[in-house]
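Residue numbers (my numbering), protein chains in the order written: chain X, 694 to 1675; chain L, 2 to 417; chain Z, 11 to 105; chain H, 144 to 327. Beta carbons: idealized from backbone N, C-alpha and C, even for Gly. Quick caveat: nothing in here was measured; it's all calculated off a predicted structure.
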């Protein structure tokens, strides 16, 4: 198909012939085209269907405010729904499909909704579909949901990369139209660090769409030359294809650069888009303005568009919207479109100007005081019905109609911190208000100064003012001569008496809907928006909000500013979720932390498990083992019978030094530490200030003024933060220094009756029971001199040690331990076996320290020293935390050894009802104990301490389990603790 | 005027002339039996149930702006009763049951859609915790089901399993959970209350309370003094500001919670899904937008807007869970101000001032709680005793050590 | 947001962790007769102002300093940033 | 003398991507020094002697054999060649005595040297540190891919040293390489 509506070449490149398909049909466009301009060049006006009534639609605009021409771009994992054809940069091989249709774009079966529109008015769904209740999910809603929505996701993973980046500048200039470019010149020449961002792939803004000159060159050429000069300045960063999406607190902006969206596929290793976080000392908003449509019957047919868009297609893309066009305007600017297109040989049927005193603007008919009252054409405009000033009717045969209802400054970014725009009568529109985001100024059309001359001068002035404030000496240049016509507009929002005149073209909100909402009492702007969905479409109301406001004002007999405005929120244009996520996706969602034995464990075919960001060995399967339980049982038994080794590096470690170190620990632990002897370790329980258990661990006194504190793996960070809070904010004069050493030391538990024998082969010092008893600690050396630490502590309940060496030696040490332990058949064990043994021993862990349990609950009530002040001690004494029948940690075993005792189950009395009212407690941790030959569990039970031996029921209706169990001591193994002292 | 399909058709054929305002715009009377401060979901629901269930007469709702302009219109529209603790679960289950009959009850289609809610599990400890919770739900008469990864993938085939940093190991489902068209809840309650004689007074800001020898007797407002026998405050987000007028310090902080919606898409996400290894929950509205949210911004704020780090954090989680989302676009983001209480649970209680009652501290739970909150607050106002399902929501639970801490985060509001 | 660190200058707030009201510095005396009430108010009651708020931030991904930031909760404008340790000392806290 | 062989987090990996070279530097011994209360003056005096100058907030002192940077109030990280200073912590403790608390940190960090013409472009894809305007010795602790890292502007014009948590060396390395590819 030829480009029948390509009139000149504008700024596109005819030598660059680009092939693309739309709904499977092949077309050709030129370099510099958008998808919309290329389709229009090919005479394809119909590009989409509206949301509710499925009306045929073509482009209303030539920019990012487009409500109608939305397509599914690309295919497969790169399929991108709701892409604006008006901004999609054409590339060779582009494929696009129309969306939101049932059947073909031409014959959309759901266009039946248009016939039923009278029944489907604003908010109709709130009044029906209520009977019978069950039908909503089953019948009504599925129908509505499938009719609703626009484009579709592929359901395939997005294959592209997204980057994030951070930029710093003195001045961020948003928009590279005449105002932005002239500002950038001033700023660039002043030596300031400048960022100039524009959403378009070609900088210049309206200058590329207009014909008037700047000095002795065309506006477009001036823009090109200016951009070229800016590009030579090292202190200026040009960001084309970059949308500043939001203004956030303290001068932080977010911007999305579309690096590869104009390519079929991003280059290898290169991102599709970049999310820039811009730290700007000042910002200058030069976002321009957006033209307004006019409300009249059937003003939504393909071919009807904003006059400025028609001009953009003509001047920039060299495309006529149609061979015969008319203009409907209430201001002088509309005439420009007629004049420009006329000069390009397009037939101007007439300029319909609502103003009785409409000017003559060229060699074509101007109908003063006339209005377009209706249009015809099923899939595209064919006729426009006009009512002339004298009331007589007139039919114009046209394929395109340009609407010019005046211009709205693009104030969006000025509202992102809830600033409110103010009404400006001369332009009959809202302009930026007072309370702008900190450090922001506005220039050019965004302020309501619509002439090119005003844009150049206000841009330069505003930039200079900001830069002076920052201590630069900018020199505003002499501005070249250029267009400086005053704005001349007579407000005209919609043709009286019309009903189906579209305000929000995508959401199908018409004048009639706004009137109905008003009639039903939805009279605040927020209520109108929410009830009619006006302005809630993907164009965020850029072309529709004003019309709605104007009609409400009329109905309420108020002025537009009295009715109010709607505040714009980020993002300025819809933003892909991919770029907001950046690289933190898939396996890179969070960083991975590996233990010092990771490489070695992989060699042992360990199975790993995520513990926070850590990967820990869960168990070490041996050949022949078919079920994880076999491996875990073997590891437990081997450890209890001989010796096992487990990497416990992930436990948090904090180095606490200073003269007041002991007093400090006395504050953060509820039990006492002042009297702990050097060379000894003590278990410590840490409470939150609210008296609830926060974390537990050990503190080893390496010297008078030096402790090594361990935390649980999960709480390493919060506990360190808490300790710094206590140190800096509560006891600022304590001589204490803290630093985390979690990753500085590789630490392994060596547990089991043969653990001493094993370690004696490695440790250089005497570690006999006398020399190194239970709960001893020391700086030692291993293997003939490597500095190390040894702690005689036991999580498993066996004779056990934890040995630590600098991380770099962790790999060597585990291998040495395995060699030295070969004669004892030393067995590596993972987190599962670790868990089994701690449950067998009744040690509380994460499942028990769940943020709601007290020392009492854990059976450690007596640990809370009353003789001293420690964090949480006072609030731990509240009555509610000290009731006689409070939950107590207990052990649980099945009456029938074969029965399961699932964690998460609840405890009920042996007889009586099973419901919440009779809930006695719950199971926190459970495991199969190979030592005992049945499952065991830990849990919390009301008045548990006095229930040992009681028969109860463990119920888990969720998993269909009900087991008869017996309450036992939590210490299933070696309750007297003989083994660990052996 | 009763709404029905028949009525819609009749009006369509007669030019929609017959539609009346959904609620009146009355002038404030000099005195009411009961004044509810706050025309949000909870305030309107309270007035509705007072009038409908407790024979209340002469009731007014005072709203400083437009009804439904607060959190009831700024949330992610999720309803569920998947709570763990005794103090909470019966209350939220009561709320879910009220949702189930709500539309027929107040004759307004709020699009209560029980499409199910799913909490994903990524670790064994999480499975233990969710098992305990699921059991608690069932023991309280709610529904819960533990799903395998396979069952989950049948319904959500696009979830990331083969390249996940935190693999999905199952999920706890509540099939009766789902979503509700949030604005319609406020409008439906307003209309239902208005029909029953409640005066809904918009643009009427309470500027102070009139207290006489220890008893509240009325409120000063931007539209003059209004007397009342009882005054109920339900102004989530502004609770501390309002109660400071009677020198009350509350056990809560105000925090901003952002919510997001994508461009309209054809149906892709059937139910409500919650990521267990990051901050992300998501559903798809009937209009086609993906409605999603995550964590608080984390700092005290009364500004109904947030900042980018949380936006990025939420989208990271969304992409980690559903890599297809890279091609979807975020359309709008907004912030709501949450009363974050000290244990993450609400307060429905009398104050130390006779005749002054308080409802607030809803944290994230506010929207789903709307019906039960209204019902129980109405019960307290009408009968001067707490509803059996709301006995734990008292002020003094903190001084007495009876916190209701679902998350186990303690007295730090931004962690709940 | 940007927090102007007294030692390090402007830093992105995302490097910090928020705790809450700076009144948390004023931990009550455990031996006072009113200790129970004092700790309840310290732990649970907040003025939660709509306006200037003195609050604690921890420079987690920075120098590990606790800061007292004075920030307007309506506008997010930050008017002062101090080292919490200095504030604590100035308020008479010691050991 | 013991015979245990230390290994670095990534075996001293070095990649060249475009103009950028990213190398794991396994030869740095590290120890933290925190002045004790009342020991501030003595500590600074000793550090001045050791480093030539005491780096203030946001600064590092590049000096041979020991170098150091400011970590926090009255706290510094000292670095030195591993082969000569494996016992750096002990050496510092001897030097400082009770004036300061010293903690061995060698194992806690992975050290990358990032060198190349595209350095500023690469770094701005990684963190908020204003690498373009940072001068030699400027040091910032900041976040790279969720990891808290030190970014140190070295004397070489296009050289930064990055210290990150050793356990996450692989993730950090992956992030650095990814950024290098983006700007290659």
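Determine, using beta carbons only, whether residue i comes closer than 8 Å to chain L.
i	result
residue 758 of chain X	no
residue 829 of chain X	yes
residue 99 of chain Z	no
residue 102 of chain Z	no
residue 93 of chain Z	no
residue 5 of chain Z	Only positions 11 to 105 of chain Z appear in the structure, and residue 5 of chain Z is not among them; the question remains open.
residue 1415 of chain X	no
Below 8 Å on the Cβ atoms is my contact criterion, and I expect residue i with residue j to pass it. Report the Cβ-Cβ distance as a whole number of Å.
i	j	result
residue 62 of chain L	residue 40 of chain L	5 Å
residue 1196 of chain X	residue 1221 of chain X	So it is not a contact: roughly 11 Å between Cβ atoms.
Report the option in the options whose CA atom is closest to the CA atom of residue i.
i	options	result
residue 1441 of chain X	X:846, X:1493, X:1393	X:1493
residue 1618 of chain X	X:1573, X:1271, X:1537	X:1537
residue 1202 of chain X	X:760, X:1487, X:713	X:760
residue 862 of chain X	H:323, H:219, H:276	H:276
residue 74 of chain L	X:811, X:851, X:1223, X:1406	X:1223
residue 104 of chain Z	X:1438, X:1578, X:1353, X:1561	X:1353
residue 788 of chain X	X:836, X:719, X:834	X:719
residue 938 of chain X	L:37, L:331, L:346, L:26	L:331
residue 1018 of chain X	X:1041, X:1027, X:870	X:1041
residue 4 of chain L	X:1597, X:1213, X:996, X:1377	X:1213
residue 1113 of chain X	X:1190, X:1260, X:1151, X:1057	X:1260
residue 1364 of chain X	X:1559, X:997, X:1673, X:1480	X:1559
Among all the DSSP beta bridges, which residues are the ones paired with residue i?
i	result
residue 998 of chain X	X:1095
residue 706 of chain X	X:724
So residue i contacts chain X; which residues on that side make the cut at Cβ distance below 8 Å?
i	result
residue 270 of chain H	859
For residue i, would you say it is in contact with chain Z, using Cβ-to-Cβ distances shorter than 8 Å as the test?
i	result
residue 214 of chain H	yes
residue 202 of chain H	no
residue 254 of chain L	yes
residue 1436 of chain X	no
residue 291 of chain H	yes
residue 1568 of chain X	yes
residue 226 of chain L	no
Would residue i pass as an interface residue toward chain X - the criterion being a Cβ-Cβ separation below 8 Å?
i	result
residue 159 of chain L	yes
residue 65 of chain L	no
Along chain X, in chain order, which residues have C-beta atoms closer than 9 Å to that of residue i?
i	result
residue 66 of chain Z	1418, 1422
I want to verify the contact list: residues of chain H whose CB lies under 7 Å from the CB of residue i, in sequence order.
i	result
residue 72 of chain Z	284
Looking at chain H, is there any beta carbon in it that lies within less than 8 Å of the beta carbon of residue i?
i	result
residue 17 of chain Z	yes
residue 1407 of chain X	no
residue 36 of chain Z	no
If the cut is a Cβ gap below 7 Å, which residues of chain X does residue i touch?
i	result
residue 49 of chain Z	1567, 1568
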